[in-house]
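This report refers to the structure that appears directly beneath it.
Residue numbers (the numbering used here): 21 to 94.
What follows is the structure, encoded as structure tokens:
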């Protein structure tokens, strides 16, 4: 597999992981909303999930958006 093919495969894998994580977090938010919890508990759980989501997804997105440097500048 060429370097370019490897880069494309890694990007595709990262994008798939992001989509799977987004779905997982969406399900978790739905579950929290359907539980009979007080507003305070829901707010705390929601905040924790948001922080967790950011920690899980942001590094994957940053890697996708990072510029590709193939050689040193002249």
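Quick reminder that beta carbons are idealized off the backbone N, C-alpha and C, glycines included.
For the alpha helix (DSSP H) containing residue 72, list its first residue and its last residue.
Secondary structure note for residue 72: its alpha helix (DSSP H) is the uninterrupted segment 59 to 85.
Quick check: the Cα distance between residue 124 and residue 22, rounded to an integer number of angstroms?
The displayed coordinates of the chain run from 21 to 94. Any statement about residue 124 would go beyond what the structure contains.
Below 8 Å on the Cβ atoms is my guess for residue 37 versus residue 68; work out the distance and round it to an integer in Å.
At roughly 21 Å, the Cβ-Cβ gap does not stay under 8 Å, so residue 37 and residue 68 are not in contact.
State the DSSP-derived secondary structure class of residue 30, mapped to helix, strand or coil.
helix
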